[in-house]
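Residue numbers (the working numbering): 1175 to 1312.
The beta carbon of each residue, even a glycine, is placed where N, CA and C say it ideally should be.
What follows is a short report on a single structure.
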């Protein structure tokens, strides 16, 4: 286990259950095991996971299975999306020309003091204060 808190974006969690991408699945499972106990996610990630896992995967999860996984993920360190967090995300979105959803992920990571943000969706190596984006699938 790595001692630093690491924010995990939705795409990493989805690859861990996506049987249509075996290499990415193996990498996601390995990463989640390596950072077990220090993973941070947000309520946004929980919602995105459920919707995408049940509707957009090549082989979607049954709603009951996706719900079970959301319950498991809820046992990690979860940042609740609050009005102040949304406001800071809006400002970050405007300042850095990010989608609001990506800015909310970054702000959630910053709110928990995460130094690493694992995501396929943001530019690898980009830094937002203490948070550094890492694409584990590069």
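Does the distance from the CB of residue 1266 to the CB of residue 1255 come in under 9 Å?
no
To the nearest angstrom, report how far apart residue 1237 and residue 1191 are at their CA atoms.
13 Å
CA-CA distance, residue 1228 and residue 1219?
14 Å
Cut-off 6 Å between Cβ atoms - residues of its own chain near residue 1232, not counting five sequence neighbours on either side:
1194
According to the neighbour-count rule (16 or more other Cβ atoms, all chains shown, within 10 Å of its Cβ), is residue 1225 buried or exposed?
exposed
Beta strand (DSSP E) segment containing residue 1215, residue limits
1213-1216
Per-residue DSSP class, three states only, for residue 1175
Note that residue 1175 scores a pLDDT of 46, beneath 50, so its modelled location is shaky and nothing firm can be said.
Assuming residue 1184 and residue 1222 make a contact with CB atoms under 8 Å, what is their CB distance in whole Å?
4 Å
Uninterrupted alpha helix (DSSP H) stretches inside the region 1206-1279 (no shorter than 4 residues):
1217-1229, 1237-1247, 1257-1270
For residue 1182, which residues from the same chain have a beta carbon less than 6 Å from its beta carbon, with the 5 sequence-adjacent residues on both sides left out?
1213, 1215, 1292
Near residue 1305, which residues of its chain fall below 8 Å by C-beta distance, leaving aside the five closest residues on each side in sequence?
1181, 1280, 1283, 1284, 1288, 1289, 1290, 1291
According to DSSP, which residues form a beta bridge with residue 1283?
Answer is none; residue 1283 lacks a bridge partner.
Beta-ladder partner(s) of residue 1311, from DSSP
Paired residues: none, contrary to the question.
Tell me the rounded alpha-carbon separation between residue 1319 and residue 1207.
Residue 1319 lies beyond the residue range present for the chain, which begins at 1175 and ends at 1312; the question has no answer from this structure.
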